[in-house]
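Under numbering that gives the first Met the number 0, the first residue of the sequence shown is numbered 0, with each subsequent residue one higher.
C-beta atoms are modelled at their ideal positions from N, C-alpha and C, and glycine is treated no differently.
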Amino acid sequence: MGSIRWLGHAAFEVVLDGVRVFIDPWIRGNPVCPVSLSEISECDLVLVTHDHGDHLGDAYEVAKRTKATFVAIYELAQEASRRGVTSTVGMNVGGTVEVKGLRVLMVPAHHSSSLGQP
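Below, the structure written as C-alpha cells:
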C-alpha cells in the first residue's frame, strides 16, 4: 500500500513500499504547502522534473538534510553533487533507473515559459 500527499503546485510526497519520495519539493515560499522544510526529516528519494524554481525548489536542501538520493536529468544531478548532495542519479529523457527498489522513468513533458519556448 502507498500514499500520495499534494504539497502544493507540482510538489508531492509519495510513499511506496516504505520508500518516501519527494517530487519537485518546492516548500519554502509555496503558499499552499502544508509542511515547513524543518518538518521533513525522512526522505529516501528526491525526484526533480526540471530546474525551474517552482519545481527544483528545496530539492538540494531536502536531499542533503535527509541523505536522500537525488534523481534528475544528468546536468541537474551533477549540479546537486556540486551543491553537496552525496547521492545522485542522473538520467536522460526516455531512460529508466531503479533506485531504492523503485523504477523511475523520465518521460518528456513540455510546457511554456515566459519566452514562449517549450
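- Cα-Cα separation, residue 17 to residue 1: Mapped onto the sequence shown, residue 17 falls at position 18. Mapped onto the sequence shown, residue 1 falls at position 2. Going from the Cα of residue 17 to the Cα of residue 1 covers about 8 Å.
- Message: Residues in the same chain with beta-carbon distance under 6 Å from residue 31, minus the five sequence neighbours each way, listed in chain order, please.
- Response: Counting from one through the sequence shown, the residue named residue 31 turns up at place 32. Sequence-distant Cβ neighbours of residue 31 in its own chain, meaning closer than 6 Å and more than five residues away, are 7.
- Tell me whether residue 106 is buried or exposed, calling it buried when 16 or more other Cβ atoms sit within 10 Å of its Cβ. One-based indexing of the sequence shown puts residue 106 at position 107. The residue in question, residue 106, is exposed, as its Cβ has fewer than 16 Cβ neighbours within 10 Å.
- Item | N-terminal and C-terminal residue of the alpha helix (DSSP H) that residue 61 is part of | Sequence index remark: in the sequence shown, residue 61 carries index 62 (1-based). From DSSP, the alpha helix (DSSP H) with residue 61 extends over 58-65.
- Task: Could you pull out every residue in the same chain whose Cβ sits closer than 7 Å to the Cβ of residue 94, ignoring the five residues on either side in sequence?
- Result: The residue you call residue 94 lines up with position 95 of the sequence shown. These residues qualify, in order along the chain: 105.
- Cβ of residue 66 within 7 Å of any chain D Cβ: The structure shown contains no chain D, having only a single protein chain.
- With DSSP run on the structure shown, which of helix, strand or coil describes residue 6? Position 7 of the sequence shown holds residue 6. Under the three-state reduction of DSSP, residue 6 is assigned to coil, being neither helix nor strand.
- Query: With DSSP run on the structure shown, which of helix, strand or coil describes residue 1?
  - Reply: Position 2 of the sequence shown, counted from the first residue, corresponds to residue 1. Under the three-state reduction of DSSP, residue 1 is assigned to strand.
- Task: Would you give the residue range spanned by the alpha helix (DSSP H) that residue 74 belongs to?
- Result: Looking up residue 74 in the sequence shown gives position 75. According to the DSSP assignment, residue 74 belongs to the alpha helix (DSSP H) that extends over 73-81.
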